[in-house]
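> Numbered according to our numbering, the sequence shown terminates at residue 369, and the numbering increases by one at each position without gaps. All residues carry an ideal CB built from backbone N, CA and C; glycine is no exception. Have a look at this one before I ask anything.
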Amino acid sequence: MAIFSLLCFGIASSMKQKIVSDSFEQKLAAARLMAAAMDSLKQDRLRQGYVIDVENDPNETGLVGAQFSLITTDEGDLDAKLTTLDPNFATALVELYSRLYLGPGDTIAVLMTGSMPGGNMAALIAAKIMGITPVAIASVGASQWGANQPDFTWLDMEQKLYHWGFIPSVSIAASIGGRNDQGRLLSPRGRKIIVNTIQKYGLPLIRHTSLEDNIRERLNRFQDVLPLEKYSAVVNVGGGVASLGTNLNPKLIPPGIVRRPQFQSISRPDGIPGVLYHFAEKNVPVIHILNIRGLTEKLKMPFAPIPLPEIGTGQIYAETKYDLVATMVAWVLVVGMVFGVGYRSHKQIRQRMEQHEPDSVL
Numbered sequence: 008m009a010i011f012s013l014l015c016f017g018i019a020s021s022m023k024q025k026i027v028s029d030s031f032e033q034k035l036a037a038a039r040l041m042a043a044a045m046d047s048l049k050q051d052r053l054r055q056g057y058v059i060d061v062e063n064d065p066n067e068t069g070l071v072g073a074q075f076s077l078i079t080t081d082e083g084d085l086d087a088k089l090t091t092l093d094p095n096f097a098t099a100l101v102e103l104y105s106r107l108y109l110g111p112g113d114t115i116a117v118l119m120t121g122s123m124p125g126g127n128m129a130a131l132i133a134a135k136i137m138g139i140t141p142v143a144i145a146s147v148g149a150s151q152w153g154a155n156q157p158d159f160t161w162l163d164m165e166q167k168l169y170h171w172g173f174i175p176s177v178s179i180a181a182s183i184g185g186r187n188d189q190g191r192l193l194s195p196r197g198r199k200i201i202v203n204t205i206q207k208y209g210l211p212l213i214r215h216t217s218l219e220d221n222i223r224e225r226l227n228r229f230q231d232v233l234p235l236e237k238y239s240a241v242v243n244v245g246g247g248v249a250s251l252g253t254n255l256n257p258k259l260i261p262p263g264i265v266r267r268p269q270f271q272s273i274s275r276p277d278g279i280p281g282v283l284y285h286f287a288e289k290n291v292p293v294i295h296i297l298n299i300r301g302l303t304e305k306l307k308m309p310f311a312p313i314p315l316p317e318i319g320t321g322q323i324y325a326e327t328k329y330d331l332v333a334t335m336v337a338w339v340l341v342v343g344m345v346f347g348v349g350y351r352s353h354k355q356i357r358q359r360m361e362q363h364e365p366d367s368v369l
């Protein structure tokens with residue numbers, strides 16, 4: 008019986024099914040397009056004489072920024088930046104869009120900072136592949152290792168990607184970003200660099216005397232395109248204060264898809280609601296791309312992979328699971344044998360007891 012049980016276990020263990028994602032083709036297309044986009048930016052950068060920092064950019068993407076620069080707004084997590092600079096990260100956005108059943112005819116609001124150019128690219132490229140219309144607003148300042156080079160900001164990348172045909176549109180407006188969305192911790196020179204970059208591309212500059220007014224202008228600009236409640240989703244990439252506001256603890260916002268009740272449960276009355284909160288109040292689902300480690304754990308993706316995984320591999324494309332039918336058949340056979348052996352043993356013991364005649368004591 009032991010040998011038979013082991014045989015059943017071995018057969019069941021060896022019989023596995025590969026379950027391919029319903030959006031496999033879109034994920035593959037998005038990852039390939041993002042790989043081409045990243046390579047185009049890299050080659051353009053190299054032609055300008057840029058030298059890749061292999062120590063901090065081990066995958067040699069050419070898109071990892073500096074630790075410090077004139078437009079660096081805050082500390083940054085290098086591993087998170089490396090994770091989003093994987094072409095397969097575009098599949099994460101395809102997965103999240105698919106979970107919300109987004110597709111052609113849907114319009115999404117996109118909030119971006121310069122901190123995670125890989126995340127920005129993934130959001131826009133996934134939208135292009137799926138036929139979704141993105142309406143984006145950016146803040147240009149960036150945390151460490153992001154798009155924080157004065158001559159290679161997110162807006163510079165965005166414009167190139169759009170003209171090369173990799174993304175469907177560019178931002179409709181931009182702000183300085185950083186503390187209070189006004190670059191409070193930047194030097195006057197750093198703020199001027201950002202303002203000049205925004206003006207260079209002819210984008211409206213969101214720059215008021217208060218964070219609340221900067222948030223309000225973002226909402227107004229989104230509403231100029233479509234009423235807030237008509238957006239199919241709002242995507243936030245990074246930790247922009249205008250996006251998150253001050254009525255929420257950013258660490259409590261889960262990565263991925265977030266709904267209105269979750270925002271309400273972690274809000275406090277004494278803060279300023281950000282753009283995300285206003286959308287959530289209209290029952291617009293939020294896709295939050297910030298806690299990258301937590302997001303990759305949810306989606307079963309590698310965190311800060313070195314080297315970059317091959318496109319089309321990984322559980323986000325297809326999962327291998329045990330064949331449930333084979334497992335159930337093996338279980339039934341083993342359980343049946345156990346009961347069969349038990350019944351037979353019980354019957355034999357009973358027969359022996361009935362045939363047994365104890366010796367007489369007389």
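(1) Would you mind stating whether asparagine 254 and glycine 278 have Cβ atoms separated by less than 9 Å?
(2) Please list, in chain order, all residues of the same chain as valine 232 whose beta carbon is under 7 Å from its beta carbon, the five residues on each side excluded.
(3) Which same chain residues end up closer than 7 Å to serine 367 when comparing Cβ atoms and leaving out the 5 residues on each side of it in sequence?
(4) Can you tell which of Phe159, Lys199, Ala249 and Pro234 has the C-alpha that lies nearest to the C-alpha of glycine 185?
(5) Suppose you measure from the CA of leucine 315 to the CA of leucine 40; what does that come to, to the nearest Å?
(6) Taking only the alpha-carbon atoms, compute the straight-line gap between alanine 43 and lysine 49 and give it to the nearest angstrom.
(7) Taking the alpha helix (DSSP H) that methionine 45 belongs to, which residues open and close that run?
(8) At the level of alpha carbons, what is the spacing between alanine 19 and isoleucine 356?
(9) DSSP state of proline 262, grouped into three classes?
(10) Between which two residues does the beta strand (DSSP E) carrying isoleucine 115 extend?
(11) For a quick check, are the C-beta atoms of threonine 80 and glycine 126 less than 9 Å apart?
(12) Select from Met45, Gln156, Asp188 and Phe229 the residue whose C-alpha is nearest the C-alpha of serine 178.
(13) Look at the alpha carbon of leucine 103 and the alpha carbon of arginine 351, and state the distance between them as a whole number of angstroms.
(14) When you compare each of Ala36, Asp51, Leu162 and Gly319 to lysine 207 by their alpha carbons, which one comes out closest?
(15) From the DSSP output, read off the bridge partner residues of valine 142.
(16) Measure the alpha-carbon distance for glutamate 108 versus leucine 251 and round it to whole angstroms.
(17) Put isoleucine 26 into one of helix, strand or coil per three-state DSSP.
(18) So is leucine 259 buried or exposed if we call it buried at 16+ other beta carbons inside 10 Å?
(19) Run through DSSP, which three-state label would histidine 215 get?
(20) Using alpha carbons as the reference points, say which of Leu168, Asp158 and Asn221 lies closest to isoleucine 183.
(21) Answer yes if the stretch 289-307 comes into contact with the stretch 320-327, meaning at least three C-beta pairs across the two stretches below 8 Å, and no otherwise.
(22) Checking 9 Å against the spacing of the C-beta atoms, do threonine 160 and glycine 246 come in under that value?
(23) Touching or not, the stretch 83-92 and the stretch 286-301, by the rule of three or more beta carbon pairs under 8 Å?
(24) From asparagine 95 to isoleucine 59, what does the alpha carbon distance come to, in whole angstroms?
(25) Apart from the five residues on each side of it in sequence, which residues of its chain come closer than 6 Å, Cβ to Cβ, to glutamine 358?
(26) What residue does the alpha helix (DSSP H) around serine 182 start on, and which one ends it?
(27) Classify glutamate 126 as helix, strand or coil using the three-state DSSP reduction.
(28) Please work out which residues of its chain come closer than 6 Å, Cβ to Cβ, to phenylalanine 270, disregarding the five sequence neighbours upstream and downstream, and give them in chain order.
(29) Check whether the Cβ atoms of isoleucine 201 and leucine 210 lie closer than 9 Å to each other.
(30) Measure the CB-CB distance between glutamine 151 and leucine 77 and report whether it falls below 9 Å.
(31) Give me the Cβ distance between arginine 106 and isoleucine 264, rounded to the nearest whole Å; I'm assuming they're in contact under 8 Å.
(32) When DSSP labels each residue in this structure, what does glutamine 355 get in the three-state scheme?
(33) Buried or exposed for leucine 53, please, with buried defined as at least 16 other CB atoms from any protein chain shown within 10 angstroms of its CB.
(34) Excluding the 5 residues flanking arginine 275 on each side, which residues of the same chain have their C-beta closer than 7 Å to its C-beta?
(35) State the DSSP-derived secondary structure class of isoleucine 279, mapped to helix, strand or coil.
(36) To the nearest angstrom, how far is it from the Cα of alanine 376 to the Cα of glutamine 156?
In short, the structure shows the following:
(1) Mapped onto the sequence shown, residue 254 falls at position 247. Mapped onto the sequence shown, residue 278 falls at position 271. Cβ atoms of asparagine 254 and glycine 278: closer than 9 Å.
(2) Numbered from its first residue, the sequence shown carries residue 232 at position 225. Excluding residues within five positions, the ones whose Cβ falls inside 7 Å are Val142.
(3) One-based indexing of the sequence shown puts residue 367 at position 360. Low confidence applies to serine 367: its pLDDT is 47, below 50, so where it sits in the model is not reliable enough to give any reading.
(4) Here residue 185 corresponds to residue number 178 of the sequence shown, with the count starting at 1. Minimum Cα distance to glycine 185 is reached at Ala249.
(5) Numbered from its first residue, the sequence shown carries residue 315 at position 308. Numbered from its first residue, the sequence shown carries residue 40 at position 33. Their backbone Cα atoms lie some 15 Å apart in a straight line.
(6) Here residue 43 refers to the residue found at position 36 when the sequence shown is read from its first residue. Here residue 49 refers to the residue found at position 42 when the sequence shown is read from its first residue. Looking at the two C-alpha atoms, the distance is approximately 10 Å.
(7) In the sequence shown, counting from the first residue as 1, residue 45 sits at position 38. 31-54 is the span of the alpha helix (DSSP H), which, as asked, contains methionine 45.
(8) Position 12 of the sequence shown, counted from the start, is the residue given in the question as residue 19. Position 349 of the sequence shown, counted from the start, is the residue given in the question as residue 356. Below a pLDDT of 50, predicted positions are generally treated as unreliable, and alanine 19, at 49, falls in that range; no measurement from the model is reported.
(9) Counting from 1 along the sequence shown, the entry for residue 262 is found at position 255. Of the three classes helix, strand and coil, the one that applies to proline 262 here is coil, per DSSP.
(10) To locate residue 115, count along the sequence shown from 1; it is residue 108. Counting along the chain, the beta strand (DSSP E) containing isoleucine 115 begins and ends at 114-119.
(11) Stepping through the sequence shown from its first residue, residue 80 is reached at position 73. Stepping through the sequence shown from its first residue, residue 126 is reached at position 119. It is not a contact, given that the beta carbons lie outside the stated cut-off.
(12) On the sequence shown, position 171 is the one that residue 178 refers to. Selected option, being the one with the closest Cα: Phe229.
(13) The residue labelled residue 103 in the question sits at position 96 within the sequence shown. The residue labelled residue 351 in the question sits at position 344 within the sequence shown. Looking at the two C-alpha atoms, the distance is approximately 56 Å.
(14) One-based indexing of the sequence shown puts residue 207 at position 200. Residue Leu162 is the option with its Cα nearest to lysine 207.
(15) What you label residue 142 is simply residue 135 of the sequence shown in a count that begins at 1. Ala116.
(16) Stepping through the sequence shown from its first residue, residue 108 is reached at position 101. Stepping through the sequence shown from its first residue, residue 251 is reached at position 244. Glutamate is not the amino acid found at residue 108; the sequence shown has tyrosine there. Going by the C-alpha atoms only, they are around 25 Å apart.
(17) What you label residue 26 is simply residue 19 of the sequence shown in a count that begins at 1. The answer is strand: DSSP assigns isoleucine 26 an E or B state.
(18) For the purposes of this step, residue 259 is identified with residue 252 of the sequence shown, where counting begins at 1. Exposed is the call here.
(19) For the purposes of this step, residue 215 is identified with residue 208 of the sequence shown, where counting begins at 1. Coil at histidine 215, not helix or strand.
(20) As a first step, residue 183 must be located in the sequence shown, where it is residue number 176. Checked all of Leu168, Asp158 and Asn221; the closest Cα to isoleucine 183 is Asn221.
(21) yes
(22) For the purposes of this step, residue 160 is taken as the residue at position 153 of the sequence shown. For the purposes of this step, residue 246 is taken as the residue at position 239 of the sequence shown. Contact flag unset, no.
(23) yes
(24) Position 88 of the sequence shown, counting from 1, holds the residue named residue 95. Position 52 of the sequence shown, counting from 1, holds the residue named residue 59. Approximately 21 Å between the Cα atoms of the pair.
(25) In the sequence shown, counting from the first residue as 1, residue 358 sits at position 351. Hits under 6 Å: none found.
(26) Position 175 of the sequence shown, counted from the start, is the residue given in the question as residue 182. That residue, serine 182, is in no alpha helix (DSSP H); its beta strand (DSSP E) goes 180-182.
(27) Position 119 of the sequence shown, counted from the start, is the residue given in the question as residue 126. Note that residue 126 is glycine in the sequence shown here, rather than glutamate. Looking at glycine 126 - three-state DSSP - the assignment turns out to be helix.
(28) The residue given as residue 270 occupies position 263 in the sequence shown. Taken in chain order, the residues that qualify are Tyr284 and Ala287.
(29) Taking the first residue of the sequence shown as position 1, residue 201 is located at position 194. Taking the first residue of the sequence shown as position 1, residue 210 is located at position 203. No.
(30) Taking the sequence shown and counting its residues from 1, the one referred to as residue 151 is at position 144. Taking the sequence shown and counting its residues from 1, the one referred to as residue 77 is at position 70. Contact: no.
(31) Within the sequence shown, the letter at position 99 stands for residue 106. Within the sequence shown, the letter at position 257 stands for residue 264. With 8 Å as the limit, arginine 106 and isoleucine 264 qualify as a contact, their Cβ atoms being about 6 Å apart.
(32) As a working note, residue 355 is residue 348 in the sequence shown. DSSP places glutamine 355 in helix when its eight states are reduced to three.
(33) If you number the sequence shown from 1, residue 53 lands on position 46. Under this definition leucine 53 is an exposed residue.
(34) By 1-based counting over the sequence shown, the position of residue 275 is 268. Cβ within range, chain order: Asn254.
(35) Locating residue 279 in the sequence shown gives position 272, counting from the first residue. In this structure, isoleucine 279 counts as coil in the three-state DSSP scheme.
(36) Residue 376 lies beyond the range of the chain shown here (8 to 369); nothing can be said about it.
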